[in-house]
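First residue of the sequence shown: 192, per the working numbering; consecutive thereafter.
The beta-carbon is built from N, C-alpha and C at its ideal position, and this holds for glycine as well.
Down below is the structure, laid out as structure tokens.
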Amino acid sequence: MQDQVFGPNSNKTDQNLLKPSSEGFLFYFYVANGDFQFASPYLCARMNLFTKKRPFIISGPCGAEDEQQLETVAKAFINSGIDMIRAGVWKPRSRPGQFEGRGEPALGWLKHVKQISGLPVCTEVASKEQVELALKYELDAVWIGARTSVNPFAVQEIAEALKGTSIGILIKNPINPDIDLWSGSIERFKQFGFESVAAIHRGFSSYDPSTEYRNKPMWALPIELKRRHPELPIICDVSHISGRRDLLSKVAQRAMDLNFDGLMIESHPNPDAALSDAKQQITPEQCLQLISNLNFRSGQVPPGLQEIEEIRLVLDSLDAEIVDLLGKRMEMVRKLGAIKKEYNIPVYQLERWQEILNSRTSWGEKNQLRESFVFNLFELIHDTSIKTQLED
Ligand code: PEP
Ligand code: MN
Numbered sequence: 192m193q194d195q196v197f198g199p200n201s202n203k204t205d206q207n208l209l210k211p212s213s214e215g216f217l218f219y220f221y222v223a224n225g226d227f228q229f230a231s232p233y234l235c236a237r238m239n240l241f242t243k244k245r246p247f248i249i250s251g252p253c254g255a256e257d258e259q260q261l262e263t264v265a266k267a268f269i270n271s272g273i274d275m276i277r278a279g280v281w282k283p284r285s286r287p288g289q290f291e292g293r294g295e296p297a298l299g300w301l302k303h304v305k306q307i308s309g310l311p312v313c314t315e316v317a318s319k320e321q322v323e324l325a326l327k328y329e330l331d332a333v334w335i336g337a338r339t340s341v342n343p344f345a346v347q348e349i350a351e352a353l354k355g356t357s358i359g360i361l362i363k364n365p366i367n368p369d370i371d372l373w374s375g376s377i378e379r380f381k382q383f384g385f386e387s388v389a390a391i392h393r394g395f396s397s398y399d400p401s402t403e404y405r406n407k408p409m410w411a412l413p414i415e416l417k418r419r420h421p422e423l424p425i426i427c428d429v430s431h432i433s434g435r436r437d438l439l440s441k442v443a444q445r446a447m448d449l450n451f452d453g454l455m456i457e458s459h460p461n462p463d464a465a466l467s468d469a470k471q472q473i474t475p476e477q478c479l480q481l482i483s484n485l486n487f488r489s490g491q492v493p494p495g496l497q498e499i500e501e502i503r504l505v506l507d508s509l510d511a512e513i514v515d516l517l518g519k520r521m522e523m524v525r526k527l528g529a530i531k532k533e534y535n536i537p538v539y540q541l542e543r544w545q546e547i548l549n550s551r552t553s554w555g556e557k558n559q560l561r562e563s564f565v566f567n568l569f570e571l572i573h574d575t576s577i578k579t580q581l582e583d
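The structure is reproduced here in structure tokens:
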């Protein structure tokens, strides 16, 4: 038994080296005489596909449009550090008459690019029938889109259709910011014991014309999801949060700073001509450049201090939201100031100030905030608002 080579890292890699069993993977030895020998009772713990590398990066077009498009993307990603290719085959569109995906033929193209690139491939599924087709074409993973993860019936149907398979499963957050609904979708998959499950944070829809994002990131929600499911990898879908190219780097860097496990970024050989989500797609080369410009926090935290680091990251993100809100508040203050000027209404009104103090301090009390803290904070905010209105 000389020259033994083990399992998945063997350069004699063969499907037979890894045999799934109910507890994990049974490892086989490759022995010099060319035989495979069962390495009983050596068992390796199951491994989640999405934690094999950090950050785990998924890229590819919003929608599979033709075979050539997918081939161009796949070739650009060979040995590039990209871990999986994505492409929507059935596209859920807000309005009828738009590009709705190429359907089954596109699954064949995905299978083909998997063969030529050696990279795993994934697509979106929204029904039992789509799951069956994704399995027929041997896709490596499927994602549940934001318009599907809102619907417990659909999620349950998909989970049941996937039962017994070892395919990777990615669960996007629902379009509305409902942490229980997102967590509930994940629990529906967890109950069947799938090994490769991850969540995708793609931001939340809102009617807020002042936001720069297509879908607001609301970072506190994925952070809460991680608290509830600490073992669950979370991948940030930078493209659907941003909705436009110039925000992609900022969002990707924020996700890395918050310790996300991976990124999903849409890429297309000719983004401006894309049949869906043209404004947010970049070329595969731009995608690789974006990733190489990211700062991956690799500083080692002394053992036991991991929690401190995590809490600080949460604080950074909450403070960023507070500052954004203060900016928005000041914008409204200016608008109000202009109206007061037009109608000759005095800038400072004692009753209004009293009302602000009373309501804010009582909200503070409900959040365990000391009265003096809320008082001082709003005194500063109100004072600055009055000054701004007087100066404008
Ligand atoms: C997509 O990934 O192309 C997509 C449609 O995503 P979402 O469900 O996040 O809108
Ligand atoms: Mn898209």
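C-alpha gap between residue i and residue j, whole angstroms
i      : j      : result
ASN202 : GLN472 : Summary for ASN202: the model assigns pLDDT 36, below 50, so the residue's position carries little reliability; its value from the coordinates is reported in the next sentence. Roughly 37 Å separates the two Cα atoms.
ARG543 : HIS573 : 10 Å
ALA325 : ASN367 : 27 Å
GLN497 : GLU422 : 15 Å
GLU582 : MET523 : 15 Å
GLY292 : GLY254 : 6 Å
ALA446 : PRO424 : 13 Å
LEU479 : ASN486 : 14 Å
PRO475 : ILE530 : 50 Å
SER213 : GLY384 : Legend: pLDDT at SER213 = 35, less than 50; position of this residue unreliable, no value from coordinates given.
ILE502 : SER433 : 25 Å
HIS431 : MET409 : 13 Å
GLU320 : TRP281 : 12 Å
ILE335 : ALA267 : 26 Å
SER250 : THR579 : 46 Å
ALA411 : SER458 : 27 Å
PRO462 : PRO493 : 44 Å
PHE247 : TRP554 : 42 Å
VAL442 : ALA390 : 17 Å
ASP510 : LEU438 : 19 Å
HIS303 : GLY495 : 47 Å
PHE451 : HIS392 : 10 Å
GLU258 : TRP300 : 5 Å
GLY294 : PHE241 : 26 Å
ARG418 : TYR328 : 35 Å
VAL333 : GLU500 : 33 Å
Any non-hydrogen atom of the ligand MN within 7 Å of residue i CB
i      : result
HIS431 : yes
GLU457 : yes
SER467 : yes
CYS478 : no
LYS253 : Here residue 253 is Cys; the residue named in the question, Lys, does not match the sequence. Yes, the beta carbon of CYS253 sits closer than 7 Å to at least one heavy atom of the ligand MN.
Burial state of residue i (16 or more Cβ within 10 Å)
i      : result
ASP371 : exposed
PHE229 : Because the pLDDT of PHE229 is 40, which lies under 50, any placement of that residue in the model is unreliable, and the number read from its coordinates should be weighed accordingly. PHE229 should be labelled exposed.
SER550 : exposed
GLN306 : exposed
ASP399 : exposed
MET521 : exposed
MET238 : exposed
ASP274 : buried
ARG488 : exposed
VAL514 : exposed
GLY359 : buried
PHE344 : exposed
ARG154 : As shown, the chain starts at 192 and ends at 583. That puts residue 154 outside it, with no answer to give.
Residue i: CB within 7 Å of a non-hydrogen atom of the ligand PEP
i      : result
LYS363 : yes
PRO283 : yes
GLY294 : no
ARG338 : yes
GLU315 : yes
ASP448 : no
GLY434 : no
GLY375 : no
GLY279 : yes
ASP574 : no
ASP371 : no
ARG405 : no
ASP428 : yes
ARG393 : yes
Bridge partner(s) assigned by DSSP for residue i
i      : result
ILE426 : ILE391 and GLY453
LYS363 : ILE391
ILE335 : ILE362
LYS407 : PHE395
CB contact check: residue i to chain B, cutoff 8 Å
i      : result
TRP410 : The structure shown contains no chain B, having only a single protein chain.
Entirely within the region 237-316 and at least 3 residues each: give me those beta strand (DSSP E) ranges in chain order.
Listed in chain order, the complete beta strand (DSSP E) runs (minimum 3 residues) inside the region 237-316 are 247-251, 275-277 and 312-315.
Every unbroken beta strand (DSSP E) inside the region 430-510 [3 residues or more]
With a minimum length of 3 residues, the continuous beta strand (DSSP E) runs that stay inside the region 430-510 are 453-457.
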